[in-house]
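Protein chains: 2
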Amino acid sequence: MPLIDKLVVCGVGLIGGSFALALRNKKKVGRVVGIGRSKESLERAQALGVIDEIAPDWASALDGADFVLLAMPVGQTDAVMEAMAPHLQAPTIVTDAGSTKRDVITSAYHRLDAHLSRVVPAHPIAGTEKSGVQAASARLFRGKRTVVTPLPENDPAAVERVRKAWQACGASVVDMVPQDHDRVFAAVSHLPHLLAFGLVHELAGRANAELLFSHAASGFRDFTRIAASHPEMWRDICLANRQALVGELDQYLGELALIRSLLLSGNGSRLEQLFEEASQARTKWGEELMKNVTSQPMAGTEQAVNPAAR
Amino acid sequence: MPLIDKLVVCGVGLIGGSFALALRNKKKVGRVVGIGRSKESLERAQALGVIDEIAPDWASALDGADFVLLAMPVGQTDAVMEAMAPHLQAPTIVTDAGSTKRDVITSAYHRLDAHLSRVVPAHPIAGTEKSGVQAASARLFRGKRTVVTPLPENDPAAVERVRKAWQACGASVVDMVPQDHDRVFAAVSHLPHLLAFGLVHELAGRANAELLFSHAASGFRDFTRIAASHPEMWRDICLANRQALVGELDQYLGELALIRSLLLSGNGSRLEQLFEEASQARTKWGEELMKNVTSQPMAGTEQAVNPAAR
Chain A
560 MPLIDKLVVC
570 GVGLIGGSFA
580 LALRNKKKVG
590 RVVGIGRSKE
600 SLERAQALGV
610 IDEIAPDWAS
620 ALDGADFVLL
630 AMPVGQTDAV
640 MEAMAPHLQA
650 PTIVTDAGST
660 KRDVITSAYH
670 RLDAHLSRVV
680 PAHPIAGTEK
690 SGVQAASARL
700 FRGKRTVVTP
710 LPENDPAAVE
720 RVRKAWQACG
730 ASVVDMVPQD
740 HDRVFAAVSH
750 LPHLLAFGLV
760 HELAGRANAE
770 LLFSHAASGF
780 RDFTRIAASH
790 PEMWRDICLA
800 NRQALVGELD
810 QYLGELALIR
820 SLLLSGNGSR
830 LEQLFEEASQ
840 ARTKWGEELM
850 KNVTSQPMAG
860 TEQAVNPAAR
Chain B
560 MPLIDKLVVC
570 GVGLIGGSFA
580 LALRNKKKVG
590 RVVGIGRSKE
600 SLERAQALGV
610 IDEIAPDWAS
620 ALDGADFVLL
630 AMPVGQTDAV
640 MEAMAPHLQA
650 PTIVTDAGST
660 KRDVITSAYH
670 RLDAHLSRVV
680 PAHPIAGTEK
690 SGVQAASARL
700 FRGKRTVVTP
710 LPENDPAAVE
720 RVRKAWQACG
730 ASVVDMVPQD
740 HDRVFAAVSH
750 LPHLLAFGLV
760 HELAGRANAE
770 LLFSHAASGF
780 RDFTRIAASH
790 PEMWRDICLA
800 NRQALVGELD
810 QYLGELALIR
820 SLLLSGNGSR
830 LEQLFEEASQ
840 ARTKWGEELM
850 KNVTSQPMAG
860 TEQAVNPAAR
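Protein chains in written order, with the working numbering: chain A, 560 to 869; chain B, 560 to 869.
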């Protein structure tokens with residue numbers, strides 16, 4: 560039995576495309592309509608069978624829609640919500656897949672204030688360094704987590720339908736307060752992306768960049784995998800969450816200052832202790848991760864995914 | 560036909576054990592003798608069939624040895640070379656697997672000055688975040704690179720035998736000047752390890768560490784994999800190469816200062832451009848890497864390797 564009759568996906572890329580494919584795969588969706596900036600990308604999504612049709616405008620997209628997923632870079636949220644607002648019908652549930660929540664919620668209060676009972680912000684914790692609908696996969700969310708940050712104004716039935724949609728994609732759903740969400744992900748996701756982008760950018764700009772890259776091995780490969788991520792998406796995340804992110808960066812800079820002083824003073828015992836604490840924490844976390852994911856491969860491998868094989 | 564009759568491995572861990580296993584696997588070695596600090600680790604190596612016997616001292620180890628691999632943490636090099644020196648026989652080739660080369664070479668000049676024609680420093684570019692002989696694998700070096708940094712005093716035949724031994728393990732061999740080696744690996748290996756150790760250490764020390772780790776996903780997993788590495792080994796590398804490493808760290812801190820200012824001023828277009836340059840460079844490098852390694856899996860996956868299955 561379909562959970563969603565007419566699904567509208569705005570931004571049919573890795574995340575929006577994978578959501579559509581996962582629901583299709585489970586026969587939980589009737590019709591999938593795509594809308595977005597790039598006609599070429601929408602046509603590719605249609606050719607790949609990710610969406611059934613391309614909506615020419617929001618009036619047509621929202622006509623009879625019962626579920627909208629906003630999956631474009633978060634910097635577009637405000638403009639998209641403004642464009643949607645005049646055409647939004649009372650029963651339509653609106654959710655999003657943004658990596659930041661406070662900015663999305665601010666736009667919702669500003670642009671969709673008449674519809675707040677059915678605007679349920681969410682964030683699927685999945686992705687790879689690949690982007691675009693050609694990287695989408697029905698399996699992307701399996702064994703992963705989706706964070707939902709319900710609004711006080713939300714109709715509990717709307718929140719429940721958003722939860723059910725993500726569960727149908729194979730994700731487990733947890734609730735968080737938006738402020739906590741943005742602080743936690745600044746630390747464990749946004750900062751690591753920033754650090755990886757920074758390292759690759761700095762090395763790539765050097766005169767001997769080719770020599771350096773030619774000697775880089777598996778440690779560098781994994782450390783910098785996320786530096787291949789979508790630049791616009793990450794620009795938007797970093798700007799939307801810059802307050803928390805600068806706080807995290809500054810805390811990290813404090814750590815690097817400590818490490819630098821230990822190096823300069825040749826303090827081997829404190830350096831080893833620091834590495835030991837990190838190594839133990841990382842090993843413990845890695846073991847728990849393996850227990851939880853069991854046979855589920857995590858997203859984010861170097862291997863190309865062939866959409867035709869899905 | 561064996562390339563090496565009696566092989567001595569000092570420090571039978573991940574690297575030393577994998578070297579022995581790879582040569583055994585190709586029937587390129589007669590007898591493998593282990594020596595090291597930890598009796599327990601040597602006994603494990605013997606039980607796993609990585610070494611044939613445990614040498615009680617250097618006199619016995621070096622008696623009739625034709626090839627010695629030093630594979631303990633680089634901080635021990637000077638003391639080990641001092642202990643070896645009185646027992647070293649003229650034909651014995653000595654090489655090492657240290658991640659830094661200038662410190663190893665300084666010790667060689669200091670401790671093995673009568674033997675320099677046969678001391679050939681090298682560095683296999685392979686490893687995982689796992690350590691110890693139980694993580695060793697005959698396949699560790701396949702499709703990888705070993706850097707050899709020959710000394711002007713080296714007998715070319717000795718250099719050639721070291722090259723052949725690493726090639727027998729499946730590695731391709733390149734020559735480098737030691738100073739270049741240490742600078743290049745400070746940038747593409749030692750700094751990323753330091754940054755990963757630092758991030759995990761900083762997060763693990765927080766009151767809400769458990770909450771943070773519980774939300775960390777595949778980006779964090781790969782970024783921090785190397786933070787599970789061997790603390791003593793990395794203390795030694797960081798101290799041995801601290802001059803180059805502090806230089807790299809300072810250059811990186813300059814990059815982070817730039818990124819911080821772009822965040823604070825909300826300069827989205829320059830931030831996106833920086834991310835774009837990094838993303839393009841990393842994507843290009845990743846594609847070249849995949850071409851080169853073809854079907855060779857790179858070391859460093861989360862999966863446990865079962866030594867019994869090798």
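For every residue, glycine included, the Cβ atom is placed at its ideal position computed from N, Cα and C.
DSSP beta-bridge partners of residue i
{"i": "K565/B", "result": "R590/B"}
{"i": "F626/B", "result": "L566/B and I652/B"}
{"i": "T705/A", "result": "P683/A and V732/A"}
{"i": "I613/B", "result": "G593/B"}
Alpha-carbon to alpha-carbon, residue j and residue i
{"i": "V715/B", "j": "T708/B", "result": "For the record, residue 715/B in the displayed sequence is Pro; it is not Val. Going by the C-alpha atoms only, they are around 12 Å apart."}
{"i": "D781/A", "j": "S828/B", "result": "27 Å"}
{"i": "E861/A", "j": "G845/B", "result": "Here the model assigns E861/A a pLDDT of 33, short of 50, so the residue's position is not dependable, and the following value carries that caveat. Going by the C-alpha atoms only, they are around 8 Å apart."}
{"i": "A618/B", "j": "R742/B", "result": "36 Å"}
{"i": "E835/A", "j": "V571/B", "result": "21 Å"}
{"i": "R794/A", "j": "L821/B", "result": "10 Å"}
{"i": "K585/A", "j": "S690/A", "result": "23 Å"}
{"i": "E791/B", "j": "P632/B", "result": "7 Å"}
{"i": "A799/B", "j": "D662/B", "result": "6 Å"}
{"i": "A730/B", "j": "R701/B", "result": "5 Å"}
{"i": "N851/B", "j": "R720/A", "result": "47 Å"}
{"i": "L823/B", "j": "V805/A", "result": "8 Å"}
{"i": "G657/A", "j": "D616/A", "result": "22 Å"}
{"i": "H740/B", "j": "K660/B", "result": "7 Å"}
{"i": "K565/B", "j": "Q693/B", "result": "22 Å"}
{"i": "G593/A", "j": "A620/A", "result": "8 Å"}
{"i": "I652/B", "j": "R722/B", "result": "12 Å"}
{"i": "S597/B", "j": "E688/B", "result": "20 Å"}
{"i": "A673/A", "j": "R765/B", "result": "41 Å"}
{"i": "A745/B", "j": "A803/B", "result": "6 Å"}
{"i": "H774/A", "j": "N767/A", "result": "11 Å"}
{"i": "E769/B", "j": "S777/B", "result": "17 Å"}
{"i": "I664/A", "j": "C728/A", "result": "24 Å"}
{"i": "P737/A", "j": "A581/B", "result": "53 Å"}
{"i": "T654/A", "j": "D809/B", "result": "43 Å"}
{"i": "R801/B", "j": "V639/A", "result": "51 Å"}
{"i": "A614/B", "j": "A695/B", "result": "20 Å"}
{"i": "Q872/A", "j": "I785/A", "result": "Outside the modelled stretch of chain A, which goes from 560 to 869, sits residue 872/A, for which no answer is possible."}
{"i": "A717/B", "j": "R698/B", "result": "24 Å"}
Helix, strand or coil at residue i [DSSP, three-state]
{"i": "D678/B", "result": "Note that residue 678/B is Val in the sequence shown, not Asp. Residue state, collapsed to three classes: strand."}
{"i": "G778/A", "result": "helix"}
{"i": "G747/B", "result": "Residue identity check: residue 747/B is Val in the sequence provided, not Gly. Helix, per DSSP."}
{"i": "A695/B", "result": "coil"}
{"i": "L770/B", "result": "helix"}
{"i": "A863/A", "result": "Caution applies to A863/A, whose pLDDT of 30 falls short of 50 and renders its modelled position unreliable; the model cannot decide the point."}
{"i": "E719/A", "result": "helix"}
{"i": "P632/A", "result": "coil"}
{"i": "F700/B", "result": "coil"}
{"i": "K598/B", "result": "helix"}
{"i": "G934/A", "result": "Because chain A here runs from 560 to 869, residue 934/A falls outside it and cannot be looked at."}
{"i": "M640/A", "result": "helix"}
{"i": "M849/B", "result": "helix"}
{"i": "G764/B", "result": "coil"}
{"i": "V571/A", "result": "coil"}
{"i": "N713/B", "result": "coil"}
{"i": "G757/B", "result": "helix"}
{"i": "S658/A", "result": "coil"}
Check: residue i C-beta below 7 Å from any heavy atom of the ligand FMN
{"i": "V732/B", "result": "Although the ligand FMN was asked about, the structure shown includes no ligands whatsoever."}
Checklist entry - If we count Cβ pairs, one from each stretch, closer than 8 Å, do we get three or more for the stretch 815-823 of chain B versus the stretch 676-695 of chain B? => result In short, these stretches do not touch, since the Cβ pair count stays below three.
Next on the checklist: Contact between the stretch 831-849 of chain A and the stretch 757-771 of chain B is defined here as three or more beta-carbon pairs at a separation below 8 Å; is this criterion met?
Outcome noted: These segments touch.
Next on the checklist: Assess contact between the stretch 601-613 of chain A and the stretch 576-585 of chain A, defined as three or more Cβ pairs (one per stretch) separated by less than 8 Å. Is contact present?
Outcome noted: Judged by Cβ distances under 8 Å, the stretch 601-613 of chain A makes contact with the stretch 576-585 of chain A, as three or more pairs qualify.
Checklist entry - Can you give, in chain order, each stretch of the alpha helix (DSSP H) that sits fully within the stretch 775-843 of chain B and has at least 4 residues? => result Listed in chain order, they are 777-783, 790-799 and 801-823.
Next on the checklist: Below 8 Å, how does it come out for the stretch 630-644 of chain A and the stretch 793-811 of chain A: are there three or more Cβ pairs, yes or no?
Outcome noted: Flag = yes, the stretch 630-644 of chain A and the stretch 793-811 of chain A touch.
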